[in-house]
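Numbering (UniProt numbering), first residue to last: 1 to 377.
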Amino acid sequence: MPQDWQIWLEQNLQRGCSEEQLMAVLKQHGLAPSQVFEPGDIDIDQSLREFVLERSLAGDGGAEIIADGMAKGWPAAQIEETYLDLTVDPVFRKLLQTQQKLNKCSWMMRTQDRLRQLQPNYAAQIERKSVPGFSEFVQQHYSLQVPVILLHGIEHWPARHQWSPEYFAAHFPEQMIEVQMHRQSDPNFERNSPQLKRLTLMRDFISKLMAVQYSNDMYLTANNAAQNKLLMQALQKDIADFGTGYCDLTQSERQFLWMGPAGTFTPLHYDLTNNMLVQLYGRKKVTLIPALQMPDMYNHCWVFSELNCLDNADLKQYPQLQHVTPLECVLEPGEALFIPIGWWHSVESLDVSISLSFTNFNQMNQFYNEYPSDLIK
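Printed below as a string of structure tokens:
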């Protein structure tokens, strides 16, 4: 591009002139995007295209993009051409419309979250109380999506008084079960859990988990439920309704066993159902983050965050975390934690732990059927 036209373009971008108007003027003078530079003059690399696209979708103007791109080492002429090409691309226009819709949704979520924080049980503390009647629970927690720790909901379960590692070793020693092994060798152990599944005898699994003091290397979780149906069927005699009227007892396949040593860890994620996590043996520490804070959770992959946990998170690298309000609780044996759908959570076993989670509430909980299939995995 001639030097005088380059100066003209930079000045008008800085003034905030419309990119479409500037492009129209350039075209009138025979300087359409493909003609601004002679073939071979400039090799616009993919990283520059991605930089300009990302910044444009974030709402930054041309002058700002050019200045920041130059600071990264790209020539101004390259950035200008890439930027102008992009602004007249119909695919980009469609992307921009979609991004603007997403921005409006994020704004509304953040606004609702700030207003919800006026409620003490929303993002300041998790209430602990004796299990209420199911209709009261629905009105105060299920429908409002407020977590709660419930006491005395399983005192009538044989599992409450019998389940322990020794119980499983004595009653199911030859039961073949599926577990996850070698988790510590894979930094993405949760996302890659299918590759870590192994079959073992119950007695061997119990022996291994009792032999370590602190480990995330072996864990029986809900991800193993399909292969452990026979075990869960045998355990039904030890399980009953939670409280009175909470569970649809015809859907026992929506109950999930968790068992592992101290140190087992589930990284930050959200679930596509409402969940009740019932602690039967040992203790678990749970960190919860409201679902409305999703725009600040770096949700880069399916239901996972880029961060496994919030401990020692780098706010310079993840500045949006400054808006996050985590809640922590320790779940004792006999207690149950209601985890509303979409609420982020990470879970750490503080002791050898046995838990049961269930999603078979006597209320609507099939929202995962409407989850966009293209977002899975």
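By construction, the Cβ of each residue, glycine as well, lies at the ideal position given by its N, Cα and C atoms.
Around the C-beta of K284, 16 or more other C-beta atoms lie within 10 Å, and the residue is accordingly described as buried.
Going by DSSP, K208 is part of the alpha helix (DSSP H) stretching over 202 to 211.
Under a 10 Å Cβ-count criterion, A170 is classified as exposed, with fewer than 16 other Cβ atoms of the shown protein chains found around its own Cβ. By DSSP's assignment, M181 forms a beta bridge with M218.
I341 places its beta carbon 8 Å or farther from that of D296. In the three-state DSSP reduction, S305 falls in the coil class, being neither helix nor strand. Nearest to Y368 by alpha-carbon distance, out of N275, C329, S143, is N275.
DSSP places V324 in the coil class of the three-state scheme, outside both helix and strand. The Cβ atoms of D217 and R183 lie closer than 8 Å to each other. According to DSSP, K285 shares a beta bridge with V330, E348.
Distance between G260 and N365, taken at the CA atoms: about 27 Å. A residue is called buried when at least 16 other Cβ atoms come within 10 angstroms of its Cβ; A234 does not meet this threshold and is exposed. Per DSSP, the beta bridge partners of G260 are S353. A distance below 6 Å between beta-carbons, with the five flanking residues on each side excluded, links L310 to the following residues of its chain, in chain order: P326. Going by C-alpha positions, S355 is about 24 Å away from S305.
The three-state reading of DSSP puts S193 in helix, counting H, G and I together.
Excluding its 5 nearest sequence neighbours in each direction, D113 has C-beta neighbours in its own chain below 7 Å: P290, L292, Q293, listed in chain order. Fewer than three beta-carbon pairs drawn from the segment 133 to 146 and the segment 196 to 213 are found closer than 8 Å, and the two stretches are therefore not classed as touching. Here the alpha carbon of P372 sits roughly 15 Å from the alpha carbon of L102. L280 is positioned such that its CB atom lies no closer than 8 Å to that of P194.
S164 sits in coil when the DSSP states are folded into three classes, being neither helix nor strand.
Per DSSP, the unbroken beta strand (DSSP E) holding P267 starts and ends at 265 to 269. When secondary structure is reduced to three states using DSSP, I79 falls in the helix class. In the structure shown, K316 falls within a coil segment according to DSSP collapsed to helix, strand and coil. The DSSP assignment places complete beta strand (DSSP E) segments of no fewer than 3 residues inside the segment 102 to 152 at 127 to 130, 148 to 151, in order along the chain. Segment contact: the segment 158 to 174 against the segment 128 to 139, fewer than three CB-CB distances shorter than 8 Å; contact not assigned. Here W258 has T221, S355 as same chain residues with Cβ atoms under 6 Å from its own Cβ, once five neighbours each way along the sequence are excluded. Secondary structure of A58 (DSSP, three-state): coil.
For A336, the enclosing beta strand (DSSP E) begins and ends at 336 to 339. When rounded, the separation of the alpha-carbon atoms in G245 and I149 is 17 Å. Residue state for F51 is assigned as helix, using DSSP reduced to three classes.
The bridge partners DSSP lists for L277 are L337, S357. A straight-line Cα-Cα distance of about 18 Å links I177 and V352. In the structure shown, L310 falls within a coil segment according to DSSP collapsed to helix, strand and coil. Judged by DSSP secondary structure, A226 falls outside any alpha helix (DSSP H); it is assigned neither H nor E.
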